[in-house]
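In my numbering, the protein residues as written are 347 to 624.
Even for Gly, the Cβ is constructed at its ideal location relative to N, Cα and C.
Below: the structure, in C-alpha cells.
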Ligand SMILES: [Zn+2]
C-alpha cells in the first residue's frame with residue numbers, strides 16, 4: 347500500500363498531465379486572438395459568469411446608484427443599443443456561444459470623482475458619473491460602452507481567473523489531493539484570483555485593454571455610433587480635460603500614443619461596419 351505522501355505525489359503528477367492535455371484554445375470574435383485556458387478543476391467560464399453576477403448584485407446593492415433620470419437613461423439606452431448590435435453580429439457569425447449566460451445590466455454609480463467604468467463577465471457593466479463629462483455626449487458614452495462590452499464578450503475576466511489558477515496550481519492541486527470539497531477548492535481559486543472582495547477592481551492587462559479598444563470600436567460602429575469619435579475621446583481621457591487628477595482608468599491601459607495608433611489601424615474596418623448599418 348502506498349503512503350499518503352506518495353499518493354499525493356502521484357495525484358499531483360497525474361494532475362499535471364491532465365492540465366497539459368486539457369488546454370483549450372478559443373478564438374476570440376473579430377480580433378481572432380487565440381485565448382488559451384486550462385482545465386483541471388479550474389472554474390469554467392460558466393462558473394465565472396455566475397460568480398460575477400452574484401458579486402455584481404452585491405456591489406449594486408451597496409453602492410449609491412445615480413437617480414438622475416437623464417444620465418441613467420443615457421447609459422441604459424447606449425448599453426442596450428450596443429447589446430442588440432453585438433447579439434445580432436455574434437448570432438449571424440455563428441458565435442452565439444460567446445453570449446452564453448449573459449444577463450446584461452448597465453448601471454450608473456453616483457460618484458463624480460471616479461473617472462472610470464468597468465465590466466464583469468456575463469454583460470455586467472457599471473459607469474461612474476465622473477466619466478460622463480469626458481464622454482460629453484452619447485457618442486462618447488458609446489466609446490466607453492463598446493470597450494466595456496468587449497471585455498465581457500472576450501471573456502477577459504474568465505481568462506484572468508484561469509491564469510491566476512494555473513499560477514497557483516500547486517496550492518489548488520494540494521487542496522484537491524487533501525480531499526477538500528469542491529466549494530472549498532473554489533474559494534481558494536477565487537481568493538487566489540483576488541476575486542473574493544473586489545472583482546470590480548480587477549485590473550486588465552494591456553493585452554486585454556488593446557483588445558477591448560479594437561473590439562469596442564467595431565461594437566459601437568455596429569450599433570450605429572460613429573467610431574471616428576473614439577480617438578478624440580481617448581485624447582480627452584489622457585489630458586484629464588475636466589481638471590481632475592489623471593484617471594486611474596489609464597494606469598493599466600496602453601500608452602496614449604500606442605492606443606491612438608491602434609485605434610487608427612482598426613478604423614477602416616470599424617467604418618465598414620458603421621457604413622454598412624447606415
Ligand atoms: Zn478596459
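Residue closest to residue i, alpha-carbon to alpha-carbon, out of the options
i: residue 450; options: 500, 434, 460, 422; result: 422
i: residue 402; options: 490, 508, 448; result: 448
i: residue 616; options: 453, 444, 581, 560; result: 560
i: residue 459; options: 442, 480, 443; result: 480
i: residue 388; options: 378, 557, 508, 474; result: 508
i: residue 408; options: 622, 453, 623, 551; result: 453
i: residue 555; options: 582, 502, 510; result: 502
i: residue 582; options: 504, 618, 624, 482; result: 482
i: residue 504; options: 444, 620, 437, 477; result: 444
i: residue 390; options: 406, 609, 506, 478; result: 506
i: residue 473; options: 433, 437, 441, 406; result: 406
Cβ-Cβ distance between residue i and residue j below 7 Å
i: residue 428; j: residue 565; result: yes
i: residue 380; j: residue 369; result: no
i: residue 418; j: residue 412; result: yes
i: residue 612; j: residue 563; result: yes
i: residue 500; j: residue 557; result: yes
Own chain residues within Cβ distance below 7 Å of residue i, not counting five before or after
i: residue 439; result: 375
i: residue 494; result: 463, 464, 465, 471
i: residue 420; result: 484, 487
i: residue 456; result: 410, 411, 412, 475
i: residue 435; result: 568
i: residue 520; result: Confidence at residue 520 is low in this model, with a pLDDT of 46, below 50, so its placement is unreliable and the value that follows should be read with caution. Taken in chain order, the list of residues that qualify is empty.
i: residue 526; result: With a pLDDT of 46 at residue 526, under the threshold of 50, the modelled position of that residue is not reliable, and the figure given next carries that caveat. The answer is none, since no qualifying residue turns up.
i: residue 398; result: 466, 467, 468, 470, 503, 545
i: residue 573; result: 563, 566, 567, 613, 616, 617, 620
i: residue 477; result: 461, 462, 463, 490
Residues near residue i by beta carbon distance below 6 Å, same chain, minus five either side
i: residue 569; result: 427, 428, 431
i: residue 488; result: 424, 566, 571
i: residue 584; result: 602
i: residue 619; result: 564, 567, 568
i: residue 491; result: 424, 425, 428
i: residue 414; result: none
Neighbourhood of residue i by C-beta distance below 8 Å, restricted to the same chain and skipping five residues each side
i: residue 498; result: 448, 465, 466, 467, 468, 469, 470, 471
i: residue 377; result: 500, 557, 560, 561
ask   = Counting pairs of Cβ atoms below 8 Å between the stretch 467-480 and the stretch 384-397, do you hit three or more?
value = yes
**Prompt:** So does the stretch 570-580 actually touch the stretch 600-611, counting three or more Cβ pairs closer than 8 Å?
**Reply:** yes
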